[in-house]
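As structure tokens, the structure follows; a few thoughts come after it.
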Amino acid sequence: MLSTELVEKAKEAMELSYSPYSHFPVGAAILCQDGSIYLGANVENSSFPCGICAERNALYHAMMEGKTKEDFVALAIITDTDEVASPCGLCRQVLSELYPEEAPIYLANTKGEIRQTTIEELLPFAFNGDEI
Numbered sequence: 326m327l328s329t330e331l332v333e334k335a336k337e338a339m340e341l342s343y344s345p346y347s348h349f350p351v352g353a354a355i356l357c358q359d360g361s362i363y364l365g366a367n368v369e370n371s372s373f374p375c376g377i378c379a380e381r382n383a384l385y386h387a388m389m390e391g392k393t394k395e396d397f398v399a400l401a402i403i404t405d406t407d408e409v410a411s412p413c414g415l416c417r418q419v420l421s422e423l424y425p426e427e428a429p430i431y432l433a434n435t436k437g438e439i440r441q442t443t444i445e446e447l448l449p450f451a452f453n454g455d456e457i
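Using the working numbering, you'd call the opening residue of the sequence shown number 326 and step up by one each time.
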């Protein structure tokens, strides 16, 4: 699957975002080795800690269907911004544990810009279970 196709899936997810407070819709799509794709959108709540980001929503959706780190091939994240946006710190930490280090992460905006990175590049000194 091309990065542009995965970004289009993330855009479909973004349309389902519930973001009445930030007005910052985000969509994510995670591709697995078997070709399955899991979508996630950010969902906000008036009690701010209760919300969830699109990246974690997609990742947890896949995991609830039995997928593991070894199944994940690529992740696309899209925002309706002038520049591509990157995952928040919380999502970076979760991805550092549950997403393959060198698998591509495509950061995109609705203007068609796509930037490829990895979780290793986004969070080079991640905290992991070895420190516990």
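The C-beta atom is built at its ideal place from N, Cα and C for all residues, glycine as well.
Determine the closest residue to residue i out of the options, with distance taken between C-alpha atoms.
i: Ala-338; options: Glu-408, Tyr-346 and Pro-350; result: Pro-350
i: Thr-443; options: Ile-402, Lys-334 and Asn-367; result: Ile-402
i: Glu-411; options: His-386, Glu-395 and Leu-432; result: A quick correction: the sequence has Ser, not Glu, at residue 411. Of the listed residues, the one whose Cα sits closest to Ser-411 is Leu-432.
i: Ser-342; options: Lys-394, Leu-423 and Asp-405; result: Asp-405
i: Val-368; options: Ile-355, Ala-354, Gln-358 and Pro-345; result: Pro-345
i: Glu-333; options: Ala-451, Ile-355 and His-348; result: Ile-355
i: Thr-329; options: Ala-451, Asn-453, Glu-446 and Pro-429; result: Pro-429
i: Lys-394; options: Ile-362, Pro-425 and Gly-437; result: Pro-425
i: Arg-417; options: His-386, Phe-450 and Gly-376; result: Phe-450
i: Glu-446; options: Asn-453, Cys-357, Ala-353 and Glu-427; result: Glu-427
i: Glu-422; options: Gln-441, Leu-448 and Asn-434; result: Leu-448
i: Tyr-336; options: Phe-452, Tyr-363, Val-419 and Phe-397; result: What sits at residue 336 in the sequence shown is Lys, not Tyr. Looking at the Cα atoms, Tyr-363 is the closest of the given residues.
i: Val-460; options: Asn-434, Gly-437 and Asn-453; result: Residue 460 falls outside the range modelled here, since the chain spans only 326 to 457, and no answer is possible.
The alpha helix (DSSP H) that contains residue i, what's its start and end?
i: Leu-384; result: 379-389
i: Ala-338; result: 328-339
i: Leu-400; result: First-last for Leu-400: 397-404, but that is the beta strand (DSSP E), not the alpha helix (DSSP H).
If you run the structure through DSSP and keep just helix, strand and coil, what is residue i?
i: Cys-357; result: strand
i: Gly-376; result: coil
i: Gly-352; result: strand
i: Leu-448; result: coil
i: Lys-394; result: helix
i: Cys-413; result: coil
Which residue or residues does DSSP assign as beta-bridge partners of residue i?
i: Met-423; result: Residue 423 is actually Leu in this sequence, not Met. Looking at the DSSP assignment, Leu-423 forms no beta bridge with any residue, so it has no partner.
i: Ala-366; result: Gly-352
i: Asn-434; result: Thr-404
i: Met-343; result: The sequence shown places Tyr at residue 343, rather than the Met named in the question. BP columns for Tyr-343 point to Val-368.
In terms of residue numbering, what span does the beta strand (DSSP E) encompassing residue i cover?
i: Ile-439; result: 439-442
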